[in-house]
Amino acid sequence: MHVARARALVNAAGPWVEDVIQGVTGLNSSHNVRLVKGSHIVVPKFWVGSHAYLFQNDDRRVIFVNPYQGDLALIGTTDIPYEGRAEDVAIDGAETQYLLRALRRYLRNPPEDRDIVHSFSGVRPLYDDSAKNPSAVTRDYVLEIDGTPETPPVLSIFGGKITWIVEPSMDCT
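Numbering of the sequence shown is given in our numbering, commencing with residue 296 and proceeding in unit increments.
See below:
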């Protein structure tokens, strides 16, 4: 066991913020994070130019198509409640079809399943404001300070828009 001393601790652990509060500091919090999965697919670039596209899907969410690593296109993203461990997040077939379906609404010759060269997912550790729709959950940060006169303060950060990608998946199924 290693012991460190500090005047304060900043807990910016994203999806693991609650684990740090309970496991490292031994404190409890009235705040929670809600994990929302965002998945992306990568296909060969299918247009000429360096511009990007935004398409509105039939559910009113916006899908982006960006140039990516030279000759590829990055397409994303989904917005799905996620209940598992953040480090186990992965794209599924329904998300792949969701993204491809959005492209089919607007393009004459959109990419297909067989064109996917890579996919990956991440989680957004959003502040749990009890909103039913994952797209409606606040992207604001909520800060909480705990401590006593005898212990240094712990500043925990809940929420925000940053997506934590633990390890990109090469699974394209």
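By construction, the Cβ of each residue, glycine as well, lies at the ideal position given by its N, Cα and C atoms.
What's the call for G365, buried or exposed, on a 16-neighbour Cβ count within 10 Å? exposed
Below 8 Å on the Cβ atoms is my contact criterion, and I expect V360 with A368 to pass it. Report the Cβ-Cβ distance as a whole number of Å. 6 Å
If you run the structure through DSSP and keep just helix, strand and coil, what is T372? coil
Counting only runs that start and end within the stretch 354–400, where is the beta strand (DSSP E) found for 3 or more residues in a row? 357–363 and 367–371
My parser needs the beta strand (DSSP E) runs of 3 or more residues fully inside the stretch 400–452; what are they? 413–422 and 436–443
Three-way DSSP call (helix, strand, coil) for M465 in this model: Because the pLDDT at M465 is just 42, under 50, the model does not fix this residue reliably, and the point stays unresolved.
Which class does G455 belong to by DSSP, given the choice of helix, strand or coil? Correct three-state label for G455: coil.
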